[in-house]
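> To start, I am sharing the structure in question, which I have written as structure tokens.
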Amino acid sequence: MATPHRTAIAHCRVTAAELQEWRAKAESAGTTLSELMRAAMRRTRTWTAEDSAAVRERTRQVARIGNNLNQIARWANRYRGAADAAQVIAHLVALDREVRELTLTRDPDLAPREEEGPC
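The opening position of the sequence shown corresponds to residue 1 in our numbering, with each subsequent residue numbered one higher.
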């Protein structure tokens with residue numbers, strides 16, 4: 001496949017020391033500075049500003065989850081003898097799922113690896 005003909009130029013202001021460092025990196029990689037920069041940009045993840053309403057809603061949801069967690073902890077501490085461990089664990093697993101769901105809506109790369117359990 002032929003290399004696309006590149007006609008556009010991107011400018012970037014850097015210090016003389018930065019330019020020297022980048023040129024040295026390109027040389028040690030056996031490539032041009034232009035190719036080094038293109039490769040670096042392909043590897044770089046970009047972020048965009050989030051919708052502030054979505055951030056507020058997610059913050060409210062996390063606050064509700066924290067409130068639920070505090071209620072479970074209070075209940076477990078108050079009724080230590082009567083506390084059904086399975087019931088407490090079930091609630092904690094449900095909270096863990098909610099937190100993971102919220103996290104994944106923000107950053108899909110944070111999905112748990114397959115060997116990880118729910119907690």
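Cβ coordinates follow ideal geometry from the N, Cα and C atoms, glycine included.
Report yes or no: do three or more beta-carbon pairs, one from the stretch 66 to 73 and one from the stretch 28 to 42, lie closer than 8 Å?
Result no; under three Cβ-Cβ pairs closer than 8 Å.
> Apart from the five residues just before and just after L95, which ones in its own chain have a Cβ nearer than 7 Å to its Cβ?
Within the sequence shown, residue 95 is the residue found at index 95, counting from 1. Result list for L95: I65, N68 and L69, in chain order.
> Determine the contact status of L102 and R60, defining contact as a CB-CB distance below 8 Å.
Position 102 of the sequence shown, counted from the first residue, corresponds to residue 102. Position 60 of the sequence shown, counted from the first residue, corresponds to residue 60. Contact flag unset, no.
> Quick one: Cα of V88 to Cα of A76, how far?
Position 88 of the sequence shown, counting from 1, holds the residue named residue 88. Position 76 of the sequence shown, counting from 1, holds the residue named residue 76. Computed Cα separation, rounded: 7 Å.
> Any idea what DSSP makes of R58, helix, strand or coil?
Stepping through the sequence shown from its first residue, residue 58 is reached at position 58. R58 falls in the helix class under three-state DSSP.
> Excluding the 5 residues flanking K25 on each side, which residues of the same chain have their C-beta closer than 8 Å to its C-beta?
Start at 1 with the first residue of the sequence shown, and residue 25 comes out as number 25. Cβ neighbours of K25 beyond the five flanking positions: L36.
> If I measure Cβ to Cβ from V99 and keep anything under 8 Å in the same chain, skipping five residues before and after, which residues do I get?
Position 99 of the sequence shown, counted from the start, is the residue given in the question as residue 99. Excluding positions up to five away in sequence, the list reads V62 and I65.
> Going straight from the alpha carbon of P4 to that of A17, what length do you get?
As a first step, residue 4 is located in the sequence shown; it is residue number 4 there, counting from the start. As a first step, residue 17 is located in the sequence shown; it is residue number 17 there, counting from the start. Whole-angstrom Cα-Cα distance: 31 Å.
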